[in-house]
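Engineer:
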Amino acid sequence: MSNERKKWNASWAKQNDILFHARQELTNAKAANATLSQEKAAAEAISVKALQAKADALKALGEAKEAGARASKALEEAAEKESRASKALEEANAERIRLDKVVASLQADVQAREVAVTDLTARVSAAEKRADAAAEAKDALVSSFNQLEADREWLRTHGIARVSIRCLCICLG
3 MSNERKKWNA SWAKQNDILF HARQELTNAK AANATLSQEK AAAEAISVKA LQAKADALKA
63 LGEAKEAGAR ASKALEEAAE KESRASKALE EANAERIRLD KVVASLQADV QAREVAVTDL
123 TARVSAAEKR ADAAAEAKDA LVSSFNQLEA DREWLRTHGI ARVSIRCLCI CLG
């Protein structure tokens, strides 16, 4: 009976060990899954930003195509009339330069707004911290003031008009 019991104990110990390792692997898999979920969320956020950047780039490309179409039309007119061609080409180049400046200006504006939003967020956070600290300080002062009011009222109700500083030092000391 004892050999059979030893075999059962060994079998149970082995099964417990297998179950322990399986639970440990499950826990590790859950942790890895949570990490992957976070990474997926971050990747999705980056993907949304990339899609927005792509849309902005496509819009700029459309504007550039429009400018290119205008330049092409100007070149066709230039073949018909050489005098008008140089003027149309200059206008197309000026338009392209203006569009490049507009694109550069818009990019700088977007970057400046991102910096402003970041700065504003930091300032709002700092202001919230200061407001919380001020509220805590106010609460502490109100509490101290209320205690002093209660002490003064107690002294008044007990007929104590004045308290010397020596008495306070002895009482508090």
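If you use the numbering used here, the sequence shown corresponds to residues 3 to 175, in order. Quick reminder that beta carbons are idealized off the backbone N, C-alpha and C, glycines included.
Kindly give me the distance between the Cβ atoms of residue 94 and residue 73, rounded to whole angstroms, as I take these residues to be in contact under 8 Å.
Structural biologist: Confirmed, Cβ separation roughly 4 Å.
Engineer: Based on Cα-Cα distance, which residue from 139, 112, 150 lies nearest to residue 58?
Structural biologist: When only C-alpha atoms are compared, the closest one is 112.
Engineer: Could you have a look at residue 160 and say whether DSSP puts it in helix, strand or coil?
Structural biologist: Of the three classes helix, strand and coil, the one that applies to residue 160 here is coil, per DSSP.
Engineer: Where does residue 15 land, buried or exposed, given buried means 16+ other C-beta within 10 angstroms?
Structural biologist: That one is exposed.
Engineer: Which value, in whole angstroms, describes the spacing of the CA atoms of residue 107 and residue 42?
Structural biologist: If you take the alpha carbons of residue 107 and residue 42, they lie about 34 Å apart.
Engineer: Going along the chain, which unbroken runs of the beta strand (DSSP E) with 3 or more residues stay wholly within the segment 94–137?
Structural biologist: Correct list: empty.
Engineer: Mapping the DSSP letters down to three states, classify residue 9 as helix, strand or coil.
Structural biologist: Residue 9: helix per DSSP, three-state reduction.
Engineer: Report, in whole angstroms, the separation of the C-beta atoms of residue 69 and residue 101, which I expect to be a contact under 8 Å.
Structural biologist: Right, their Cβ atoms sit about 5 Å apart.
Engineer: When the distance is taken between beta carbons, is residue 105 closer than 8 Å to residue 62?
Structural biologist: Yes, Cβ-Cβ distance for residue 62 and residue 105 is below 8 Å.
Engineer: Can you tell me the Cα-Cα spacing of residue 29 and residue 22, whole angstroms?
Structural biologist: Rounded to the nearest angstrom, the two C-alpha atoms are 10 Å apart.
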